[in-house]
Each structure stands twice: as structure tokens, then as C-alpha cells.
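In full-length UniProt numbering, the protein residues as written are 7 to 271.
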Ligand code: KIV
Ligand code: NA
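Listed below in C-alpha cells is the structure:
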């Protein structure tokens with residue numbers, strides 16, 4: 007199997023082939039997703055919500071992100087593995103940002119990092135890129151800024167915020183980012199950005215006119231039941247399947263049905 011590289015993602019955009027991306031945080035799940043032909047696996051800081059049960063992405067640490075990334079990297083044979091830089095590991099200054107990015111690359115074996123923001127983190131992005139680490143940008147509803155936004159609703163509906171997003175997207179490309187995630191913004195704006203940029207634009211809640219799509223895997227598999235934003239398509243109802251399976255197991259244990267003679271030594 008051929009490994010997916012950042013260069014291949016660029017080529018995919020040029021030939022109009024859409025890029026498929028999902029999150030992954032552990033070995034077993036990453037094995038399944040990679041085996042199914044996913045192009046990019048994102049070790050998202052959404053692990054803070056999905057894996058650890060926090061309300062926001064803010065509490066997850068760099069050590070915890072590296073642990074998740076190591077587990078995913080061990081599973082992957084083909085996909086490009088992108089690792090989120092967690093809140094607090096890059097916003098302070100560019101030296102700290104570089105140090106955090108190097109730790110992720112060295113200790114996890116991931117192939118690239120992602121961080122949230124535009125002009126504000128320009129210097130950090132430049133230094134990380136200079137060290138030879140590929141960077142994916144992330145604009146729009148950036149969850150690490152949730153306390154600034156105050157709400158998880160659609161971003162950049164106003165002209166001023168849309169204009170800044172367009173400028174930031176161009177800046178990220180000019181700095182040398184290999185791709186960009188746009189989260190929860192109007193389709194028309196995402197389309198405009200994807201057409202303007204030569205690097206791949208990957209959307210989540212950003213409509214169909216972008217170069218690829220990303221979802222949180224637990225959401226699209228229906229493991230997280232409560233989270234039902236409009237942009238989410240559910241491909242399975244795994245929470246129900248798992249609930250039924252565990253219910254039957256409990257019954258079988260209680261009723262002495264499990265284990266049977268054949269299941270014993
Ligand atoms: O952490 C995450 O899951 C993400 C994606 C939603 C883009 O950043
Ligand atoms: Na993230």
C-alpha cells in the first residue's frame with residue numbers, strides 16, 4: 007500500500023479527487039479506519055471530549071495528545087497522520103510552539119501537526135515549518151476559542167469576520183501550510199476560500215464545495231448519541247448496537263448461559 011503524503015493531497019485537489027479524513031485516538035479504531043482506506047487520520051484534540059469526557063477541548067495536555075498519537079501511528083499502514091497541538095502548547099510564543107511541535111513529531115511518529123488560528127500565530131507556524139514539520143491550519147469555529155466565541159454556532163456570517171477568514175486562509179497558504187480545515191462556516195464562504203487557494207481545504211460543517219471532508223469518528227458512527235448538529239451524517243448507530251450487545255452479555259452471565267461447556271477448558 008502506498009503511503010498518503012502531503013504532496014499527494016495537493017495532487018488530489020488538482021485532479022478534483024475529494025480527500026477523506028476522520029479523527030482517531032486509539033489503535034483499534036485507527037486500524038479499522040486505515041484498513042477502510044481513509045486518506046487522513048486526525049488525532050484531534052476532540053479526544054478531550056470524546057475520550058476523556060471534558061466539556062471542551064481545552065483541558066487535554068500535550069502528553070495526552072502524544073499518547074493518543076502514538077497509538078494511532080502504531081496502527082496506520084497508509085493514512086497521513088495529523089496531530090492537533092493542544093490548547094496552551096503553542097499560543098504563548100513561537101519557541102514554545104516549536105518545542106511542542108517537535109515533541110509531537112519525535113515522540114509520536116505522526117506526520118504533521120494542526121493548530122488553530124491565523125495571523126495571531128503566524129510566527130509559530132513559520133518556525134514549525136522551518137523545522138521541516140508540515141502544518142495544517144484550522145479556521146472558522148476553532149473550539150479552543152470557545153470562551154471567546156461564547157457559542158458553538160456558525161462563524162463568519164458577518165462580513166468583517168468573513169473577510170478576516172479569507173485573509174487568514176491566504177496567509178496560511180503563503181506561510182507554507184499544506185492544507186486547511188474550515189469548521190462550521192457558510193458554504194458560500196468555504197467555496198470561495200477553496201477556489202482561491204491552491205492547497206486543499208477540508209471542511210466540517212462547511213458544505214460540499216471544498217476539497218475534502220472531516221468528521222469526528224465517534225459522531226459519524228453514532229457512538230456519541232447526544233451530538234446531532236445539522237452537518238453530521240450518521241453512518242451507523244453503534245451506541246445502540248453496543249448497548250444491545252452488552253445487555254445480552256449481562257443477561258447471559260446472570261443466567262449462567264455464559265460461558266457454555268464449549269467456551270470452557
Ligand atoms: O479535534 C478535532 O476533532 C478537529 C476536527 C473536528 C477538525 O479539529
Ligand atoms: Na481539533
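Where a beta carbon is used, it is the ideal one built from N, C-alpha and C, also for glycine. Keep in mind the model is a prediction, meaning the values are calculated, not measured.
Relative to the C-alpha of residue i, which candidate in the options has its C-alpha closest?
{"i": "residue 145", "options": "207, 164, 133, 166", "result": "207"}
{"i": "residue 10", "options": "116, 236, 242", "result": "116"}
{"i": "residue 152", "options": "253, 93, 269", "result": "93"}
{"i": "residue 188", "options": "21, 38, 181, 172", "result": "172"}
{"i": "residue 136", "options": "182, 98, 91, 233", "result": "182"}
{"i": "residue 244", "options": "271, 35, 149", "result": "35"}
{"i": "residue 204", "options": "8, 180, 49", "result": "180"}
{"i": "residue 237", "options": "265, 158, 261", "result": "158"}
Can residue i and residue j be called in contact, C-beta distance under 7 Å?
{"i": "residue 104", "j": "residue 66", "result": "no"}
{"i": "residue 211", "j": "residue 190", "result": "yes"}
{"i": "residue 114", "j": "residue 81", "result": "no"}
{"i": "residue 251", "j": "residue 227", "result": "no"}
{"i": "residue 130", "j": "residue 96", "result": "yes"}
{"i": "residue 118", "j": "residue 142", "result": "yes"}
{"i": "residue 213", "j": "residue 196", "result": "yes"}
{"i": "residue 150", "j": "residue 63", "result": "yes"}
Assuming residue i and residue j are in contact, meaning their beta carbons sit under 8 Å apart, how far apart are those beta carbons, in whole angstroms?
{"i": "residue 216", "j": "residue 192", "result": "Not really, about 12 Å apart at Cβ, beyond 8 Å."}
{"i": "residue 88", "j": "residue 30", "result": "The Cβ separation is near 10 Å, so there is no contact."}
{"i": "residue 27", "j": "residue 220", "result": "4 Å"}
{"i": "residue 139", "j": "residue 109", "result": "With a Cβ gap of about 11 Å, residue 139 and residue 109 do not count as contacting."}
{"i": "residue 202", "j": "residue 169", "result": "Going by Cβ atoms, the distance from residue 202 to residue 169 rounds to 13 Å, so no, they are not a contact pair."}
{"i": "residue 56", "j": "residue 224", "result": "5 Å"}
{"i": "residue 44", "j": "residue 85", "result": "5 Å"}
{"i": "residue 48", "j": "residue 90", "result": "7 Å"}
If you follow the alpha helix (DSSP H) that residue i is in, where does it begin and where does it stop?
{"i": "residue 71", "result": "68-81"}
{"i": "residue 152", "result": "152-155"}
{"i": "residue 27", "result": "Where residue 27 is concerned, there is no enclosing alpha helix (DSSP H), although the beta strand (DSSP E) it sits in stretches over 25-29."}
{"i": "residue 47", "result": "First-last for residue 47: 46-49, but that is the beta strand (DSSP E), not the alpha helix (DSSP H)."}
Where do the N-terminal and C-terminal ends of the beta strand (DSSP E) with residue i fall, by residue?
{"i": "residue 6", "result": "Any answer about residue 6 is impossible in this case: the structure gives the chain only from 7 up to 271."}
For this session: Write down every uninterrupted run of the beta strand (DSSP E) in the stretch 171-257 whose length is 3 residues or greater and which is fully enclosed by it, in chain order.
Result: Taken in chain order, the complete beta strand (DSSP E) segments of 3 or more residues contained in the stretch 171-257 are 185-189, 207-210, 218-221.
For this session: Counting only runs of 4+ residues fully inside the stretch 84-121, write out the alpha helix (DSSP H) ranges in chain order.
Result: Fully enclosed alpha helix (DSSP H) runs of 4 or longer: 100-114.
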